[in-house]
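First up is the structure itself, then whatever we jot down about it.
Chains as they are written, first to last, in this note's numbering: chain S, 2 to 272; chain Y, 2 to 272.
In structure tokens:
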């Protein structure tokens, strides 16, 4: 089953558009777990098992593992998600982008080494830099379009012959990339007007939407702007607000409650 | 000594603008080295020691290590370069780009974990995504501007209010980023006219120029387009043409000869 079908199944099975982002920060994790790379694996496994019923997708952010030399732990975490929650979509958040032969290596990293269903990529280098990702049959390629950070407009909002750059990326996604593979786009919840604009361009294409929770995006505005006619269409990511809901002994239960609450907030608007 | 000063010293000490790219491909390396991740370390160390006198910089491409789970070998390679060739600039080619807190983790990966002097980054997310890299005093931040691949124009050549996008990145580099840290730009040798245009915008800012050798960029056109008034100004990268100069037992000597030849070709035009 390819990425688009697996995601559609996950939306229906969980009735949830929540994506749980796995950004394990040794400085914010419960002290009782210790400060070794192995603590990151134990932390993320507990979060995953406590929130799997609330989420259509898990999204480990590779930078948090790479900064502390925890690639083996990321491999084990991905293997755990695939084995224990095989119907949940596994997204490697890596935002890779490089020339063809190098992109081929990054595709191996995401899809063979970590066994992800989808990977986030950066479009700045153009279509040929994305080709090695699209060439992996059934794998998802989630391209940055309008990111959630304050400075995202520096380049993405520049007027390019009558359209902002991020709209041009949205057009490329439907007009060109959707014939090459299973594409999706990243659009931040912090820009609901732009999210609505992208939705109007890309039809039913799935959107990965970071920026609710710690980044301040509004859930109601996000769901209204980005849902599709069947009520789904998005992977709405929350990382820090779930992972660090409590720094006390109740952190697993607190994370579960935060995930359920966010799923329910999304559902309430979606109906 | 910061990145800009270290690079200027390396240019003078070696009288070379050659940058040796370390893209270790198990499928192309001499079979006698074996096919384990440790072979990658042995291969790169031999190349480094045989070519250090020819090069102002070494540039390991992290994707080649990540695809095969060889991060420990990359750590050891970087430690070897720093210890044995301390005056040669060490560039981690990673093309990272992410929102602030995540970019902070990538900056740790490049500068603390691997001890690089500089890292390549992608500007699509805007200035705030680059800030954590600039904030590391003395470290180099090499921003993608006009990349060497065939499809680089898809976004980079779009007209943005009277200028192509890559020129806007060049203007951001001098007008905004150069006050935040030690910036440089990536401009491909495969586009000498654009290289000349970027040089005219950025003054003496260093340029990392991939695309000669296997990618087909012309050395003479590159040097004429990108040199500065002191004759230097570029890190002209060659990877495959040096690393795989021979697949026989003479591969170390062949790599050395290829590096010396490329350095000499560059010097001949530079004078």
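Here a beta-carbon is modelled for each residue, glycine too, at the ideal position from N, C-alpha and C. These numbers were taken from a predicted model, which means no experiment stands behind them.
Same chain only: Cβ atoms within 6 Å of residue i, ignoring 5 sequence neighbours per side
i, result
"residue 119/S", "4, 92, 141, 143"
"residue 107/S", "97"
"residue 32/Y", "none"
"residue 15/S", "57"
"residue 1/Y", "Outside the shown range of chain Y, which is 2 to 272, sits residue 1/Y, and nothing can be said about it."
"residue 29/Y", "245"
"residue 182/S", "135, 142"
Chain S contact residues for residue i, given Cβ-Cβ distances below 8 Å
i, result
"residue 147/Y", "Under the 8 Å cutoff, chain S gives no residues; its nearest Cβ is about 10 Å from residue 147/Y."
"residue 150/Y", "100, 101, 126, 127, 129, 130"
"residue 140/Y", "Per Cβ cutoff of 8 Å: no residues; residue 140/Y is ~15 Å from chain S at best."
"residue 166/Y", "156, 159, 161, 166"
Per-residue DSSP class, three states only, for residue i
i, result
"residue 121/Y", "strand"
"residue 237/Y", "strand"
"residue 181/Y", "coil"
"residue 147/Y", "strand"
"residue 96/S", "strand"
"residue 7/S", "helix"
"residue 69/Y", "coil"
"residue 164/Y", "strand"
"residue 208/S", "strand"
"residue 1/S", "The displayed coordinates of chain S run from 2 to 272. Any statement about residue 1/S would go beyond what the structure contains."
"residue 22/Y", "strand"
"residue 133/Y", "helix"
"residue 159/S", "coil"
"residue 116/S", "coil"
"residue 141/Y", "strand"
"residue 91/Y", "strand"
"residue 27/Y", "coil"
"residue 58/Y", "strand"
"residue 218/S", "strand"
Under 9 Å by beta carbon: chain C residues contacting residue i
i, result
"residue 153/Y", "Absent from the structure: chain C. Protein chains present are S and Y."
Beta-carbon neighbours of residue i, restricted to chain Y and to distances below 7 Å
i, result
"residue 109/S", "68"
"residue 80/S", "Those within 7 Å of residue 80/S in chain Y number zero; the least Cβ separation is about 13 Å."
"residue 96/S", "98, 99"
Chain-ordered chain S contacts of residue i [CB-CB under 9 Å]
i, result
"residue 77/Y", "Going along chain S, no residue has its Cβ under 9 Å from residue 77/Y, so there is no contact; the nearest lies around 12 Å."
"residue 29/Y", "Within chain S, no residue comes near residue 29/Y; the closest Cβ sits about 10 Å away, beyond 9 Å."
"residue 62/Y", "99, 103, 106"
Partners in chain Y for residue i, counting only beta-carbon separations shorter than 9 Å
i, result
"residue 37/S", "Going along chain Y, no residue has its Cβ under 9 Å from residue 37/S, so there is no contact; the nearest lies around 15 Å."
"residue 185/S", "Within chain Y, no residue comes near residue 185/S; the closest Cβ sits about 17 Å away, beyond 9 Å."
"residue 195/S", "Result: empty, since nearest Cβ-Cβ is about 14 Å, beyond 9 Å."
"residue 114/S", "67, 68, 69, 70"
Own chain residues within Cβ distance below 7 Å of residue i, not counting five before or after
i, result
"residue 24/Y", "62, 65, 240, 241, 244"
"residue 146/S", "167, 170, 171, 186, 187, 188, 199"
"residue 36/S", "27"
"residue 1/Y", "The requested residue 1/Y does not occur in the structure, where chain Y is confined to residues 2 to 272."
"residue 38/Y", "69, 70, 71, 74"
"residue 223/Y", "190, 193, 196, 210, 213, 237"
"residue 43/Y", "34"
"residue 99/S", "107, 126, 130"
Within 9 Å, strictly: CB atoms of residue i and residue j
i, j, result
"residue 237/S", "residue 213/S", "yes"
"residue 18/Y", "residue 218/Y", "no"
"residue 157/S", "residue 170/S", "yes"
"residue 134/S", "residue 122/S", "yes"
"residue 53/Y", "residue 59/Y", "yes"
"residue 264/Y", "residue 55/Y", "yes"
"residue 27/S", "residue 49/S", "no"
"residue 256/Y", "residue 47/Y", "yes"
"residue 116/Y", "residue 137/Y", "no"
"residue 260/S", "residue 225/S", "no"
"residue 104/S", "residue 132/S", "yes"
"residue 254/Y", "residue 51/Y", "yes"
Proximal residues of chain Y, C-beta to C-beta of residue i below 8 Å
i, result
"residue 169/S", "156, 159"
"residue 162/S", "159, 160"
Residues of its chain near residue i, where Cβ-Cβ distance is below 8 Å and the 5 sequence neighbours each way are ignored
i, result
"residue 331/Y", "Because chain Y is modelled from 2 through 272, residue 331/Y falls outside the range shown and cannot be assessed."
"residue 230/S", "205"
Review point. Do the segment 163 to 182 of chain S and the segment 189 to 204 of chain Y touch if we need at least three Cβ pairs shorter than 8 Å?
Key: no
Review point. Is the number of C-beta pairs between the segment 71 to 80 of chain Y and the segment 263 to 271 of chain Y that are closer than 8 Å three or more?
Key: no
Practice item. For the segment 143 to 154 of chain S and the segment 113 to 128 of chain Y, state whether three or more C-beta atom pairs, one from each stretch, are separated by less than 8 Å. Key: yes
Check your understanding: With contact counted as at least three CB pairs below 8 Å, one residue from each stretch, are the segment 204 to 211 of chain S and the segment 244 to 259 of chain S in contact?
Key -> no
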